[in-house]
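Residue numbers (our numbering): 837 to 975.
So, in structure tokens, the structure goes:
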């Protein structure tokens, strides 16, 4: 039973949780959260505001409405040049999230690996060492 729970937890990406954490920190600190996004076929943003395949979005409560930050998708509506636009940003397309005022935040490199790559030495694949449970009974 415990083994099933471990598998489910290890398949979750940390990216959406980190994005939400930095967003909340920005809001709580009175800073403006900016989201840097790599635009691809699954990303829905105003094409006129995309530069070099990227866009930076202001996610402040004054700039967007109905913001939802899920584990797979970030959605909201915002105004661009006076026109309302519904935004759809896959979490995997997020390059980083940071505060406009001081630049503090997180930048993501590449996609989240589901599991760490196997270590190799001398061209041979190492076998994973058996892991003991990290839980203990507390009475």
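Cβ atoms here follow ideal geometry from the backbone N, Cα and C, with glycine treated the same way.
query	result
Give me the Cα-Cα distance between residue 914 and residue 848, rounded to the nearest whole angstrom.	29 Å
For residue 854 and residue 893, which I take to be in contact (beta-carbon distance under 8 Å), what is that distance rounded to the nearest angstrom?	Wrong, their Cβ atoms sit about 17 Å apart, outside the cutoff.
Could you spell out where the beta strand (DSSP E) holding residue 863 opens and where it closes?	Counting along the chain, residue 863 falls outside any beta strand (DSSP E), though it belongs to the alpha helix (DSSP H) covering 851 to 864.
Run through the region 921 to 948 for me and flag every whole beta strand (DSSP E) of 3 or more residues, listed as ranges in chain order.	930 to 935 and 941 to 943
CA-CA distance, residue 870 and residue 936?	6 Å
Can you list the beta strand (DSSP E) stretches of 3 or more residues lying completely in the region 873 to 903, in chain order?	890 to 894
Between 930, 895 and 897, which lies nearest to residue 907 when the distance is taken from Cα to Cα?	930
When burial is assigned at 16 or more other CB atoms within 10 Å of the CB, is residue 900 buried or exposed?	buried
Which residue wins for smallest C-alpha separation from residue 863, given the options 944, 934 and 942?	934
Quick one: what does DSSP say residue 871 is sitting in, helix, strand or coil?	strand
Assuming contact is defined by CB atoms lying nearer than 8 Å, are residue 851 and residue 944 in contact in what I supplied?	yes
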